[in-house]
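Positions 0 to 173 (numbering that gives the first Met the number 0) are the ones given, in order, by the sequence shown.
Positions of the beta carbon are idealized from the N, C-alpha and C atoms, including for glycine.
Here the structure is a predicted model, which means the values were calculated and not measured.
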Amino acid sequence: MTSNRQSPVGSAVAPKQAATSKITSQPEPSHRAAIHSLRSDPKGVFQLGHEGVMRSFDGTYDRNVIGAVALSPAQIKSYLDSFPVPWSQETEDLYRGVDGRDIAGEEALFHPSDDLRPPKYTEDRVRVQKDVEEKNREIREMIEKEEREGVDIVAKYACGRVISDSDLGLKKEI
0 MTSNRQSPVG SAVAPKQAAT SKITSQPEPS HRAAIHSLRS DPKGVFQLGH
50 EGVMRSFDGT YDRNVIGAVA LSPAQIKSYL DSFPVPWSQE TEDLYRGVDG
100 RDIAGEEALF HPSDDLRPPK YTEDRVRVQK DVEEKNREIR EMIEKEEREG
150 VDIVAKYACG RVISDSDLGL KKEI
């Protein structure tokens, strides 16, 4: 389900005030709160640009930006620290001195250059996705037809439960 929440944390109107204690004395939200405030698409992706803006892209071929929030240096560090991948000098060098709050205007936030976007889907990926959607549509139609014919859909298509033979009673003393 797509979320339509708008970000009080980072908006296209006031990116400098977005995640900042730079302008106000209010405590800055965590990187998680900033990211959760973005609109999202279940088939889309999130990506932190090298200029410090976290963007939410839709799942379409074009990868349109549907949400953006400018992150402070502390939020960027916290975001990078939250990944299970090991530290790398290359990543540190890429984000050293970066403050996403310096990015101003809707154009810069919502229409980034191609190097700040995830790769577009390949033609093959689009074809496979359409094939899967078609097969799913056919299955839904078949199930609806069987349901109208009185077939017990739950019994027919339910996954079977495996019952273990584990004995979880008290251990016998040796």
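From this set, Glu-133, Ile-34, Thr-59, Leu-37, which residue's C-alpha is nearest Gly-43's C-alpha?
With distances taken between Cα atoms, Gly-43 lies closest to Thr-59.
Asp-98 versus Gln-25 - alpha carbon distance:
Looking at the backbone, the Cα of Asp-98 and that of Gln-25 are separated by about 18 angstroms.
Proximity to Glu-122 [Cα-Cα], best of Asp-130, Phe-56, Arg-116
Per the Cα distances, Asp-130.
Would you mind working out which of Asp-57, Glu-50, Gly-66, Arg-116 sits nearest Ala-33, comparing C-alpha positions?
Between Ala-33 and the set Asp-57, Glu-50, Gly-66, Arg-116, the nearest pair of CA atoms involves Gly-66.
How big is the Cα-Cα spacing for Gln-46 and Phe-56?
Straight across, the Cα-Cα distance linking Gln-46 with Phe-56 is about 8 angstroms.
For the stretch 100 to 110 against the stretch 135 to 150, do three or more pairs of beta-carbon atoms, one drawn from each stretch, fall closer than 8 angstroms, so that the two count as touching?
At 8 angstroms Cβ cutoff, the stretches do not touch.
Can you give me the Cβ contacts of Lys-155 inside the same chain, cut-off strictly under 8 angstroms, excluding the 5 residues immediately before and after it?
Glu-145.
Check for me: the alpha helix (DSSP H) holding Phe-45 runs from which residue to which?
Boundaries around Phe-45 are those of the beta strand (DSSP E), 44 to 47, since no alpha helix (DSSP H) includes it.
Whole angstroms is fine: what's the gap from Ala-176's alpha carbon to Glu-50's?
The requested residue 176 does not occur in the structure, where the chain is confined to residues 0 to 173.
Classification of Ser-20 by the beta-carbon crowding that lies within 10 angstroms, buried from 16 upward
Only weak support is given to the placement of Ser-20: the predicted model assigns it a pLDDT of 47, under 50, and the value that follows is read from those uncertain coordinates. So Ser-20 counts as exposed.
Identify whether Ser-39 lies in helix, strand or coil by the three-state DSSP scheme.
If DSSP states are grouped into helix, strand and coil, Ser-39 belongs with the strands.
Using the three-state DSSP reduction, which class does Val-97 fall into: helix, strand or coil?
Correct three-state label for Val-97: coil.
Rounded to whole angstroms, what is the Cα-Cα separation between Lys-76 and Lys-170?
Computed Cα separation, rounded: 50 angstroms.
Identify every residue that forms a DSSP beta bridge with Met-53.
Bridge partners of Met-53: Leu-47, Val-68.
Which two residues bound the contiguous alpha helix (DSSP H) that contains Asp-123?
122 to 147 is the extent of the alpha helix (DSSP H) around Asp-123.
Out of Asp-61, Gln-88, Asp-114, Lys-119, which one is the CA nearest neighbour of Gly-48?
Of the candidates Asp-61, Gln-88, Asp-114, Lys-119, the one whose C-alpha sits nearest the C-alpha of Gly-48 is Asp-114.
Local conformation of Ser-77 per DSSP, three classes
Correct three-state label for Ser-77: helix.
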